[in-house]
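>
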Ligand code: PMP
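Numbering (full-length UniProt numbering), first residue to last: 6 to 422.
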């Protein structure tokens with residue numbers, strides 16, 4: 006169970022001509038470097054474990070950026086995907102196939118509401134679907150939040166509230182007002198009868214696991230209801246069990262959104278997104294308005310059904326709550342000077358540091374065999390699989406103090422960079 010030590014030994018043993026270096030060299034020669042950071046070349050996964058090309062083992066608390074709901078190579082997904090690809094891999098939306106129908110029915114049942122589902126292949130596309138519905142209301146204006154992330158395609162980017170990602174692509178489509186996240190008054194001031202939709206993440210994931218104050222979603226619902234604007238909840242990161250609820254908004258009593266966008270965990274590792282529209286919001290898209298070749302692909306939808314079935318049959322919502330609490334308490338009780346507090350819900354957690362050293366903490370963690378990521382300079386984000394075991398949580402908590410010490414020592418030491 007001592008992943009951290011195994012990884013350290015193996016990392017030290019890496020040679021200049023390792024398989025990791027070779028894969029990295031080929032990657033540099035063939036792929037666009039759209040993130041600009043050195044990246045670990047990975048070749049195999051099982052459950053919460055990953056292995057790099059040199060055979061070093063890691064405990065995966067990135068989870069494919071909240072995608073690998075059941076971890077890597079879960080038998081239920083392997084079985085569902087294998088069975089589906091062997092019988093009906095793809096037919097296009099010119100025809101009807103069983104898996105997208107079954108998955109849409111299942112999702113609507115989990116939402117407990119009448120609605121319609123539009124399947125696509127990613128979170129950005131799910132948001133594009135909502136954007137298009139907004140346009141079809143005939144109202145010109147949209148409201149989103151500062152720091153919010155909704156994807157990188159042009160419509161989704163227009164709603165994304167992160168200047169660094171938007172600025173190179175201005176002008177962006179749509180008349181969008183961004184308001185401070187978590188502030189109902191700012192929202193009320195921005196939303197008018199010209200506002201087609203308001204899009205909000207129940208927890209801002211990419212912005213560093215930012216949790217709004219209690220009552221924010223409820224206020225957003227009241228404000229949008231008063232102007233007849235659609236409330237779009239972007240649950241691409243928070244949905245499908247990530248926070249210990251099927252959908253995070255269900256933890257906020259009485260809030261019923263008009264549209265929910267999903268992706269990431271929904272496909273358990275296959276590309277699958279969904280725009281789910283309820284009530285009158287489901288009436289705007291008419292035949293001819295929107296479409297996609299791959300959306301609703303039977304194999305991706307079979308994987309989606311396996312994810313939902315397994316969350317239910319293995320009681321994973323409870324596991325998420327248990328493991329999330331254990332992680333939060335375990336981290337906060339370390340009393341480490343670099344840790345301010347832990348925020349988030351279920352297994353979407355942000356360790357808020359007392360100094361902006363998250364990128365260094367991410368590297369130190371990787372060197373110790375733990376994969377985490379740093380969405381903000383002072384936030385280390387944890388998004389392990391929903392079926393993570395207690396032992397794996399213990400391994401993480403056992404290795405974390407050493408990781409944090411390394412960061413503090415390097416920073417304080419005279420040889421620091
Ligand atoms: N919305 C949210 C809330 C997200 O977190 C993300 C991805 N991080 C997206 C949309 C975009 O998803 P994708 O990368 O699949 O396009």
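Beta carbons: idealized from backbone N, C-alpha and C, even for Gly.
Report all residues from its chain with a CB closer than 8 angstroms to the CB of residue 296; omit the five preceding and five following residues, and keep chain order.
Answer for residue 296: 98, listed in chain order.
> Alpha carbon to alpha carbon, how far is residue 112 from residue 126? Give it in angstroms, no decimals.
Their Cα atoms are separated by approximately 16 angstroms.
> In angstroms with no decimal places, state the Cα-to-Cα distance between residue 405 and residue 388.
Going from the Cα of residue 405 to the Cα of residue 388 covers about 15 angstroms.
> For residue 126, name the three-state secondary structure that DSSP assigns.
Of the three classes helix, strand and coil, the one that applies to residue 126 here is coil, per DSSP.
> Using 8 angstroms as the Cβ pair cut-off and three pairs as the minimum, do the region 118 to 136 and the region 277 to 292 touch?
Result yes; three or more Cβ-Cβ pairs closer than 8 angstroms.
> When you compare the CB positions of residue 358 and residue 383, do they come within less than 8 angstroms of one another, or not?
Taking 8 angstroms as the Cβ cut-off, residue 358 and residue 383 qualify as a contacting pair.
> Assuming residue 142 and residue 155 form a contact by the criterion Cβ under 8 angstroms, report the distance between their Cβ atoms to the nearest whole angstrom.
Actually they do not touch by this definition, with Cβ atoms about 18 angstroms apart.
> For the alpha helix (DSSP H) containing residue 401, name the first residue and the last one.
It spans 395 to 417 - the alpha helix (DSSP H) in which residue 401 sits, taken as one unbroken run.
> Looking at the strands, I want to know which residues DSSP matches up with residue 378.
Paired residue(s): 386.
> From the DSSP output, in three-state form, read off residue 50 for me.
Looking at residue 50 - three-state DSSP - the assignment turns out to be strand.
> Is any heavy atom of the ligand PMP found at a distance shorter than 7 angstroms from the C-beta of residue 242?
For the ligand PMP, at least one heavy atom lies less than 7 angstroms from the Cβ of residue 242.
> State yes or no: is the beta carbon of residue 66 nearer than 8 angstroms to at least one beta carbon in chain C?
Here chain C cannot be found, since the structure has a single protein chain.
> Give the DSSP bridge partners of residue 353, in chain order.
DSSP lists 350 as partners of residue 353.
> Can you list, in chain order, the residues of its chain whose CB lies under 6 angstroms from that of residue 381, leaving out five sequence neighbours each side?
Contacts found: 213.
> Here's a check: name, in chain order, each residue in its chain whose Cβ is nearer than 8 angstroms to the Cβ of residue 189, leaving out the five neighbours to either side.
These residues qualify, in order along the chain: 220, 221, 224, 225 and 228.
> Give every residue of the same chain whose Cβ lies closer than 7 angstroms to the Cβ of residue 90, excluding the five residues on either side of it in the sequence, and list them in chain order.
The answer, listed in chain order, is 304.
> Does residue 111 come out as helix, strand or coil in the three-state DSSP assignment?
Residue 111 falls in the helix class under three-state DSSP.
> Measuring alpha carbon to alpha carbon, tell me which of 170, 118, 150 and 308 ends up nearest residue 76.
Per the Cα distances, 308.
> Using C-beta distances below 6 angstroms, list every residue in its chain close to residue 250, excluding the 5 sequence neighbours before and after it, in chain order.
Cβ neighbours of residue 250 beyond the five flanking positions: 256.
> Going straight from the alpha carbon of residue 25 to that of residue 137, what length do you get?
Roughly 43 angstroms separates the two Cα atoms.
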